[in-house]
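Peer 1:
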Amino acid sequence: MITLIAAAAENNALGKDNQLLWHLPDDFKHFKALTSHHTIIMGRKTFESFPKPLPNRKHVIITRQQGYIAPEGCIVVHSLEEALSFVQEEVYVIGGGEIYQQALDIATKIELTRVHHTFEADAFFPEFPLEEWEVVKEVYHDKDEKHQYAFTFQTYIKK
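Per the UniProt record's numbering: the sequence shown = residues 1 to 159.
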């Protein structure tokens with residue numbers, strides 16, 4: 001199973017200047033709970049936005065840079081197809097925008113945290129045809145002292 005997992009604003013904004021646009025601790029916990037002990041596939045810029053590799057996950061990094069050196073334990077590839085050749089089990093595609101776009105047609109599930117706000121951004125989650133996807137779960141989280149924005153966890157399954 002190929003799952004896209006992302007937090008995107010109402011205008012599909014993901015980030016700007018390789019940074020997230022919000023701080024939502026419960027979304028980080030959700031991401032960790034879903035992706036721990038699985039393979040995560042990401043673009044190089046997404047990987048470089050982390051201070052270090054995320055614990056308890058196999059990292060597959062897609063880059064066009066020949067000779068790119070990643071930390072020990074990370075796999076470097078040059079295409080989504082090559083990345084998928086390294087996994088047999090459920091895999092999570094975690095960004096960025098270009099990698100999500102490439103994986104959208106072959107994904108079977110989308111775990112989307114919809115942040116209820118719009119932001120100026122330079123990376124966006126791709127538009128996807130809602131008639132091809134079914135929402136099977138939604139959990140709303142209001143803004144509070146730890147979360148500046150309200151958001152909804154949405155799980156989509158391809159029809």
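Just so it is clear, CB atoms sit at the ideal spot from N, CA and C, and this is done for glycine as well.
1) Contact check, Ile69 vs Ile99 under 8 angstroms by CB: the rounded distance?
2) Is there contact here, the stretch 25-36 with the stretch 122-136, by at least three beta-carbon pairs under 8 angstroms?
3) Suppose you measure from the CA of Asn56 to the CA of His38; what does that come to, to the nearest Å?
4) Straight-line CA distance for Val76 to Tyr92?
5) DSSP beta-bridge partners for Gly95?
6) Using 8 angstroms as the threshold, is the stretch 116-130 in touch with the stretch 80-92, meaning 3 or more CB pairs across them?
7) Please give the ranges of any beta strand (DSSP E) in the UniProt domain "DHFR" (1-158), keeping only runs that are unbroken, at least 3 residues long and fully inside the region.
8) Could you compute how far the alpha carbon of Gly67 sits from the alpha carbon of Asp142?
Peer 2: Short version:
1) Within the sequence shown, residue 69 is the residue found at index 69, counting from 1. Within the sequence shown, residue 99 is the residue found at index 99, counting from 1. Going by Cβ atoms, the distance from Ile69 to Ile99 rounds to 20 angstroms, so no, they are not a contact pair.
2) Because the criterion of three Cβ pairs below 8 angstroms is not met, the stretch 25-36 and the stretch 122-136 do not touch.
3) Locating residue 56 in the sequence shown gives position 56, counting from the first residue. Locating residue 38 in the sequence shown gives position 38, counting from the first residue. Our two residues, Asn56 and His38, have alpha carbons roughly 8 angstroms apart in a direct line.
4) Counted from its first residue, the sequence shown places residue 76 at position 76. Counted from its first residue, the sequence shown places residue 92 at position 92. The straight-line gap from Cα to Cα measures roughly 16 angstroms.
5) In the sequence shown, the residue the question calls residue 95 occupies position 95. Looking at the DSSP assignment, Gly95 forms no beta bridge with any residue, so it has no partner.
6) Under the Cβ criterion (8 angstroms, minimum of three pairs), the stretch 116-130 does not count as touching the stretch 80-92.
7) As far as the UniProt domain "DHFR" (1-158) is concerned, its whole beta strand (DSSP E) runs of at least 3 residues are 2-9, 13-16, 39-43, 58-62, 75-77, 91-93, 109-115, 133-141, 151-158.
8) In the sequence shown, residue 67 corresponds to position 67, counting from 1. In the sequence shown, residue 142 corresponds to position 142, counting from 1. Between Gly67 and Asp142, the alpha-carbon positions lie close to 45 angstroms from each other.
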